[in-house]
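The block underneath contains the structure these notes are about, expressed in structure tokens.
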Amino acid sequence: MELEKIKSIRKTEIEKLAASPLKRKIKKIVYLLKYGMPFGRFIKYTFFYLFIIPIAKIKTNLKSKAIKKKYFGNGTNDTCYIAVNIGNAGIGDAIMAIRFLRDFAGFVSKDTNGHLVFDVFYRSPDSIKFITAALPNVRRVLNLPDYTLMRKFYDIDLKLNTFFIKEEINDNELSRKKISDKFPSILKIIENIKTNRSNLEKYIKTRPFSEGILSDAVTAMGLSRAIYLNNTGGIATPADTLKINIDIYSLPTITAKFNLQGVKFITVHDGWDENTKTKTGSSTKSYPPQKWQELVNMLKHELPDYTVVQLGGLGNGSDITGIDLNLRGKTTLKEAASLLAASSLHIDTDSGLVHIAVSLRTPCAVLFGPTNADYCSYSRFPNYITVTPSLCGNCWWSTDDWMENCPRGLSAPECMNSIEPIDIIKSINEMQILDK
Numbered sequence: 041m042e043l044e045k046i047k048s049i050r051k052t053e054i055e056k057l058a059a060s061p062l063k064r065k066i067k068k069i070v071y072l073l074k075y076g077m078p079f080g081r082f083i084k085y086t087f088f089y090l091f092i093i094p095i096a097k098i099k100t101n102l103k104s105k106a107i108k109k110k111y112f113g114n115g116t117n118d119t120c121y122i123a124v125n126i127g128n129a130g131i132g133d134a135i136m137a138i139r140f141l142r143d144f145a146g147f148v149s150k151d152t153n154g155h156l157v158f159d160v161f162y163r164s165p166d167s168i169k170f171i172t173a174a175l176p177n178v179r180r181v182l183n184l185p186d187y188t189l190m191r192k193f194y195d196i197d198l199k200l201n202t203f204f205i206k207e208e209i210n211d212n213e214l215s216r217k218k219i220s221d222k223f224p225s226i227l228k229i230i231e232n233i234k235t236n237r238s239n240l241e242k243y244i245k246t247r248p249f250s251e252g253i254l255s256d257a258v259t260a261m262g263l264s265r266a267i268y269l270n271n272t273g274g275i276a277t278p279a280d281t282l283k284i285n286i287d288i289y290s291l292p293t294i295t296a297k298f299n300l301q302g303v304k305f306i307t308v309h310d311g312w313d314e315n316t317k318t319k320t321g322s323s324t325k326s327y328p329p330q331k332w333q334e335l336v337n338m339l340k341h342e343l344p345d346y347t348v349v350q351l352g353g354l355g356n357g358s359d360i361t362g363i364d365l366n367l368r369g370k371t372t373l374k375e376a377a378s379l380l381a382a383s384s385l386h387i388d389t390d391s392g393l394v395h396i397a398v399s400l401r402t403p404c405a406v407l408f409g410p411t412n413a414d415y416c417s418y419s420r421f422p423n424y425i426t427v428t429p430s431l432c433g434n435c436w437w438s439t440d441d442w443m444e445n446c447p448r449g450l451s452a453p454e455c456m457n458s459i460e461p462i463d464i465i466k467s468i469n470e471m472q473i474l475d476k
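Residue numbers for the sequence shown follow our numbering, so the first one is 41 and each next one is one higher.
Given below as structure tokens:
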């Protein structure tokens, strides 16, 4: 079947899904069990949310006065406390949200003498603390279940990743008066979000199944994922919007740990969000192993003075044949980020490490197949090479199992197979970002 026909069928399905909250819940549970979470873990999570969380809520309510006094100044001061739920987002989506929080704080601070405090709730808090450390307004990064217990104490409840899901002012007189008197620009931002999001509302509430439809809608507006949040909130996107002062290890420290002192190196990565499991252990987003090998061989031939280092976890992806140093599963995310900062070039598919590399101003060459390159890439910014397929492409979320199986039913994804290593090398040479 042709891709456009498949996408048309998907859009019809999403329209029906948007009209039924019950169908959305059922579909998400079925999808989670089939693709995202083992059954045993699902039972554990269900028990946790049905029994443990309600008990924890009762305990929290009993301690509410002490909590307000300790963390929120009883709500009477000049500080606006915002609960920021990034949810189960991957590292790339989390970085998008963090950039928005930085620009949000900068925008609001221009017309107030009050203070903003963000408490961020995320699936794995420790994994992003070295990134949020760059934001002085972020007070804490907390576990996602804590959001359910704590959100009522905040002046504003904000839920987002690459789209705004919820933005609500706490329904009490103190919070509303504080924001109206001290933070009027926040009211304008919330108004902008609600207005600008309205035409996408039905697709936002049917995510992730509508992700492909949303990306096409955003690019039709002339926007990309990198600037969508700011645009929706009515906040100007600064020229250096991508840069985040991530807390990384020093160059001498990180290169000494991995014996890369004085070495020029290129990093490569084969992998995707570890929250998404595939039965085959591979993904339609992956570059074929034989082509990775061919690309690495060409890199070493064209750039003999550079060492090729592979980064990534062991949860997915595979070892790339021909690399000089394999660090898969041997670094923390902070160590990987520190190596990316020292790298002369990072080559990857559409993955979270790309977002870290771009935030650190490391040149990137990124291979796109199933995902929407116009939406996901940073092609508007310097030292970023967008490598697109010569055949097909942009089929993500046109079927539920798009990450594992080609939506067109092909035995291998035509899009990623159509990207030739020689074309990647040519693009790198044309950009002139490496010394030969």
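Just so it is clear, CB atoms sit at the ideal spot from N, CA and C, and this is done for glycine as well.
Owing to the predicted nature of the structure, the values given are computational and were not obtained by experimental measurement.
Pairing L269 with R237, the inter-Cα distance amounts to about 10 Å. Taking the Cα of I66 as reference, the smallest distance to any Cα among N337, F249, G352 is reached at F249.
Taking the C-beta atoms as reference points, P453 is found no nearer than 8 Å to N423. DSSP assignment within the segment 218-245 yields the following whole alpha helix (DSSP H) runs of 4 residues or more, N-terminal first: 224-237, 241-244. In the structure shown, G127 falls within a strand segment according to DSSP collapsed to helix, strand and coil. About 13 Å separates the beta carbon of V157 from that of V181, a gap too long to meet the 8 Å contact definition. By DSSP's assignment, V349 forms a beta bridge with T307, L365.
Distance from the CA of I69 to the CA of F203, rounded to the nearest whole angstrom, comes to 21 Å. Taking A381 as reference, the option from N210, F305, D463, D186 with the minimal CA-CA separation is F305. In its chain, beyond the 5 residues on either side, D440 have a beta carbon closer than 7 Å to the beta carbon of Y71. If only uninterrupted alpha helix (DSSP H) runs of at least 4 residues are considered, those enclosed by the segment 393-462 are 413-416, 454-457. Under the three-state reduction of DSSP, L156 is assigned to strand.
Burial check for R265: the Cβ neighbour count within 10 Å reaches 16 or more, so the residue is buried. The secondary-structure analysis by DSSP pairs T389 across a beta bridge with L407. Per the Cβ contact rule, the segment 245-261 is in contact with the segment 427-440 (3 or more Cβ pairs under 8 Å).
Residues C120, D195, I196, I209, I226, L227 of the same chain have their beta carbon placed closer than 8 Å to that of I219, with the five preceding and five following residues left out of the count. Considering only L365, T361, H395, I363, the residue with the shortest C-alpha distance to L373 is H395.
Contiguous alpha helix (DSSP H) elements confined to the segment 246-276 occur at 251-260, 265-273, taking only those with 4 or more residues.
Distances from the alpha-carbon of N101 to those of F112, F193, T152, S149 put F193 closest.
Sorting P176, M471, L400 by C-alpha distance to the C-alpha of D280 places L400 at the top. Sequence-distant partners of S467 (beyond 5 residues in either direction) whose C-beta falls short of 7 Å from its own C-beta, in its chain, are A405, I425, V427. By the criterion of at least three beta-carbon pairs nearer than 8 Å, the segment 89-100 is not in contact with the segment 127-144.
Look at the beta carbons and you see the segment 325-342 touching the segment 359-376: at least three pairs across the two are nearer than 8 Å.
In the DSSP annotation of this structure, L189 is not part of any beta strand (DSSP E); the continuous alpha helix (DSSP H) holding it starts and ends at 184-190. DSSP places E208 in the strand class (E or B) of the three-state scheme.
Straight-line measurement puts the Cα of M456 at about 22 Å from the Cα of K340. Under the 10 Å beta carbon count, Q350 is surrounded by 16 or more other beta carbons and is classified as buried.
In the DSSP secondary-structure assignment, F161 is bridged to N125, L182. Where I196 is concerned, the enclosing beta strand (DSSP E) starts and stops at 196-200.
Beta-bridge partners assigned by DSSP to T119: H155. In this structure L354 is exposed. Its beta-carbon is surrounded by fewer than 16 other beta-carbon atoms within 10 angstroms. Counted as a single uninterrupted DSSP element, the stretch harbouring E42 is not any alpha helix (DSSP H), since DSSP gives it neither H nor E. Assigned with DSSP and collapsed to three states, G357 falls in coil, not helix or strand. Comparing C-alpha distances from W442 to each of K74, K99, R179, L57 shows the shortest one belongs to K74.
With 16 or more other Cβ atoms inside 10 Å of its own Cβ, S417 counts as buried.
Distance check between Y187 and each of A58, T293, K97, E444 places K97 closest, using alpha-carbon atoms only.
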